[in-house]
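Line order of the protein sequences matches chains H and R.
Going by full-length UniProt numbering, the residue at position 163 of the first sequence is 163; the numbering climbs one at a time, nothing skipped.
Going by full-length UniProt numbering, the residue at position 6 of the second sequence is 6; the numbering climbs one at a time, nothing skipped.
Where is the CB? At the ideal position from N, CA and C, for every residue including glycine.
There are 2 protein chains.
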Amino acid sequence: MATGRTHRPATRSRGIPEATVARLPLYLRALTALSERSVPTVSSEELAAAAGVNSAKLRKDFSYLGSYGTRGVGYDVEYLVYQISRELGLTQDWPIVMVGIGNLGAALANYGGFASRGFRVAALIDADPSMVGKPVAGIPVQYIDDLEKIIEENGVSIGVIATPAGAAQQVCDRLVAAGVSSILNFAPTVLSVPDGVDVRKVDLSIELQILAFHEQRKAGEDGGVGGADLPSAAAVRAAAPAAVAASPASTAGRKGPDGDVPAVMPA
Amino acid sequence: MATGRTHRPATRSRGIPEATVARLPLYLRALTALSERSVPTVSSEELAAAAGVNSAKLRKDFSYLGSYGTRGVGYDVEYLVYQISRELGLTQDWPIVMVGIGNLGAALANYGGFASRGFRVAALIDADPSMVGKPVAGIPVQYIDDLEKIIEENGVSIGVIATPAGAAQQVCDRLVAAGVSSILNFAPTVLSVPDGVDVRKVDLSIELQILAFHEQRKAGEDGGVGGADLPSAAAVRAAAPAAVAASPASTAGRKGPDGDVPAVMPA
DNA sequence: ATGTCTTTGTGAACGCGTGCACAAAGATGA
DNA sequence: TCATCTTTGTGCACGCGTTCACAAAGACAT
Chain H
1 MATGRTHRPA TRSRGIPEAT VARLPLYLRA LTALSERSVP TVSSEELAAA AGVNSAKLRK
61 DFSYLGSYGT RGVGYDVEYL VYQISRELGL TQDWPIVMVG IGNLGAALAN YGGFASRGFR
121 VAALIDADPS MVGKPVAGIP VQYIDDLEKI IEENGVSIGV IATPAGAAQQ VCDRLVAAGV
181 SSILNFAPTV LSVPDGVDVR KVDLSIELQI LAFHEQRKAG EDGGVGGADL PSAAAVRAAA
241 PAAVAASPAS TAGRKGPDGD VPAVMPA
Chain R
1 MATGRTHRPA TRSRGIPEAT VARLPLYLRA LTALSERSVP TVSSEELAAA AGVNSAKLRK
61 DFSYLGSYGT RGVGYDVEYL VYQISRELGL TQDWPIVMVG IGNLGAALAN YGGFASRGFR
121 VAALIDADPS MVGKPVAGIP VQYIDDLEKI IEENGVSIGV IATPAGAAQQ VCDRLVAAGV
181 SSILNFAPTV LSVPDGVDVR KVDLSIELQI LAFHEQRKAG EDGGVGGADL PSAAAVRAAA
241 PAAVAASPAS TAGRKGPDGD VPAVMPA
């Protein structure tokens with residue numbers, strides 16, 4: 001442990017900006033890597049590079065947590081790992097339930113990474129009776145009817161939804177009613193929840209669409225202000241045949257593999 | 001189609017704020033749902049509710065695209081679907097490659113949702129020879145050595161990385177060298193790429209950690225200043241036993257299932 | 001044609017997040 | 001003890017994004 005403890009008592013709780021909170025896991029990951037290599041200290045410059053952010057931003061982020069650092073030296077790796085872990089609430093055990101054990105749900109459940117950061121898969125839940133009892137990642141799948149009981153008994157407050165879009169809101173409602181107050185949503189739907197419940201969403205389809213936007217912008221560049229360019233090699237590619245929703249009319253009757261898709265993906 | 005065409009010529013291209021771009025897919029999804037129900041028009045209020053945003057924000061977002069709306073009436077659903085699709089570049093076909101066909105990669109590949117929005121899985125690529133040739137989602141897995149050739153031949157400009165963390169940067173470099181300029185990264189690593197290449201990351205572990213932070217904040221409330229809510233049992237739960245990385249020392253020697261984990265998950 | 005009613009489009013104010021740049025703090029060596 | 005050198009912590013300014021609030025635009029009825 002580095003410097004003496006002239007640090008602020010605690011968290012200054014409410015004061016940590018959301019943007020900073022979102023970066024803490026990045027810092028933690030970089031610090032853990034350093035820790036495993038037994039690096040004793042890091043400068044804000046080094047750590048920022050490892051985390052892919054600006055060093056000034058990193059210092060400001062840390063300043064919200066308190067003054068953990070030694071001028072002229074840097075930050076004590078182990079100490080900082082501990083402080084950030086504590087700040088993020090990773091020094092305690094978080095039992096989570098995952099609802100919807102389809103392709104994606106099963107893939108997520110199969111990660112060993114859960115346990116390594118204070119998260120423990122307390123239960124896997126599905127609505128398909130034929131799945132029930134079948135072990136996924138060593139954990140037997142349980143039936144959706146027992147959702148409330150499972151949450152109750154395991155003291156779960158974080159839930160992961162990996163169901164089809166059509167089922168997501170219903171599952172969400174039941175989770176919330178049973179006491180879950182943080183939800184990670186992989187279903188392509190907007191969930192509505194009461195105040196006090198946090199929802200974060202992961203949506204591959206949206207990410208791809210954002211990438212497509214930028215990709216299109218890159219392709220249609222050198223031309224001019226307007227739009228109809230499409231020049232270079234990259235552009236040639238973009239000029240592929242197919243067209244989805246190309247005409248306003250074509251979208252109407254469609255009812256593809258979407259509309260009820262399992263998880264991360266679709267629009 | 002609603003009003004006459006007093007609209008601006010085109011996109012005002014560069015002018016669309018990033019935050020707006022990130023919401024366009026949400027609007028598109030909501031509009032598509034309306035379209036399928038044959039709803040002819042929506043007001044900003046209704047659509048905003050469906051997309052889970054503020055109506056003023058939605059109107060401002062749309063104003064960046066041009067003036068597609070009729071005062072006193074609202075927006076023409078079909079027309080707006082088309083405009084947003086075009087803006088996002090979804091009226092063209094985007095071939096993508098996915099590298100790393102493990103649990104997660106396979107799960108992602110299995111989504112039918114890809115094709116439904118202009119994205120087409122051109123190839124699945126893995127470094128495990130025993131995977132090669134095996135069909136996943138109806139597409140035979142190809143060997144990593146052919147990566148460059150595959151990208152070239154298919155004119156791929158968007159790549160998805162679902163490899164273990166340790167392989168991600170290397171795969172990324174090869175993708176970029178081969179001409180890919182947009183990457184969706186599921187590996188828990190910070191990728192460094194040259195200018196002009198867009199990277200978006202999806203990281204379950206980070207999302208969970210952010211949720212844990214807020215969950216902890218909710219739990220440890222009553223004592224402090226702000227809001228002593230949480231009347232229910234939720235608070236009791238958070239006071240769980242176990243502790244990960246509870247002591248600064250405990251983190252050092254650890255080398256769990258992490259460190260090289262496949263994809264979305266770990267820290 | 002005219003008035004009323006609805007809903008858009010946007011000017012303006014505000015707040016958050018970012019990055020610069022520097023003073024203060026501490027380490028280190030003479 | 002004092003000077004120098006490194007690196008933190010932060011005051012400040014700037015720009016982006018959000019939200020309010022309202023004038024303008026158009027639909028619709030009379």
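Of the residues assessed, R:V39 falls on the exposed side of the cut-off, its CB having fewer than 16 other CB atoms within 10 angstroms. Taking a 10 Å sphere around the C-beta of H:A162, we find 16 or more other C-beta atoms and assign the residue as buried. One finds L211 and H214 in chain H with Cβ atoms closer than 7 Å to the Cβ of R:D198, taken in chain order.
Unbroken alpha helix (DSSP H) stretches of 4 residues or longer found wholly inside the UniProt domain "CoA-binding" (89-190) of chain R: 103-109, 147-154 and 165-177, given in chain order. In the three-state reduction of the DSSP assignment, R:Y75 falls in the strand class. The alpha carbon of H:V97 has as its nearest neighbour, out of H:V171, H:A51 and H:T41, the alpha carbon of H:V171.
Within chain R, the residues whose beta carbon sits less than 9 Å from that of H:E207 are P25, L184, R200, K201 and V202, listed in sequence order. Assignment of R:D198 by DSSP, reduced to helix, strand and coil, places it in the strand class. Shown here, R:V21 sits in a helix according to DSSP, grouped into three states. In terms of Cα proximity to H:R71, the closest of H:D203, H:T41 and H:T91 is H:T41.
DSSP places H:V81 in the helix class (H, G or I) of the three-state scheme. Burial is judged here by how many other beta carbons sit within 10 angstroms of a residue's own beta carbon; R:P140 has fewer than 16 and is exposed. The segment 206-214 of chain R and the segment 189-197 of chain R do not touch, with fewer than 3 CB-CB distances between them shorter than 8 Å. With respect to the C-alpha of R:E78, the residue from R:S55, R:A109 and R:S35 having the closest C-alpha is R:S35. Straight through space, the alpha carbons of R:A122 and R:G89 are spaced by roughly 18 Å. Here the alpha carbon of R:D146 sits roughly 14 Å from the alpha carbon of R:G155. Straight through space, the alpha carbons of R:G133 and R:A49 are spaced by roughly 46 Å. Within the segment 76-92 of chain H, the residues whose Cβ lies closer than 8 Å to some Cβ of chain R are E78, Y79, V81, Y82, S85, E87, L88, G89, L90, T91 and Q92, listed in chain order. It is roughly 45 Å from the alpha-carbon of H:L104 to the alpha-carbon of H:V73.
Rounded to the nearest angstrom, the Cβ distance from R:I151 to R:V176 is 10 Å, too far for a contact under 8 Å.
Bounds of the alpha helix (DSSP H) holding R:R217 are L204 to A219. Looking only at R:E87, R:I144, R:L124 and R:R117, the smallest Cα-Cα distance to H:G220 is reached by R:E87. The beta carbons of R:G66 and R:Y75 sit no closer together than 9 Å. The Cβ of H:Y111 sits closer than 9 Å to at least one Cβ of chain R. Within the same chain, Cβ atoms closer than 7 Å to the Cβ of H:Q142 are found at A123, L124, I125, V132 and I150, the five residues on either side in sequence being excluded. Using beta-carbon distances, H:S44 does not count as an interface residue toward chain R, since no partner is under 9 Å.
Sequence-ordered contacts of the segment 47-79 of chain R with chain H read A50, A51, G52, E78 and Y79 [C-beta pairs closer than 8 Å]. Annotated as distal: R:V53 and H:V202, with beta-carbon spacing of 9 Å or more. Between R:L104 and chain H, the shortest Cβ-Cβ separation is below 9 Å. Counting only Cβ-Cβ distances below 9 Å, R:K218 has contacts in chain H at S157, S181, S182, G196 and D198, in chain order.
For R:L124, no Cβ of chain H is located within less than 9 Å of the residue's own Cβ. Sequence-distant partners of H:F119 (beyond 5 residues in either direction) whose C-beta falls short of 7 Å from its own C-beta, in its chain, are W94 and I96. By the criterion of a C-beta distance shorter than 6 Å, H:T91 is surrounded in its chain by S85, once the five residues flanking it on both sides are discounted.
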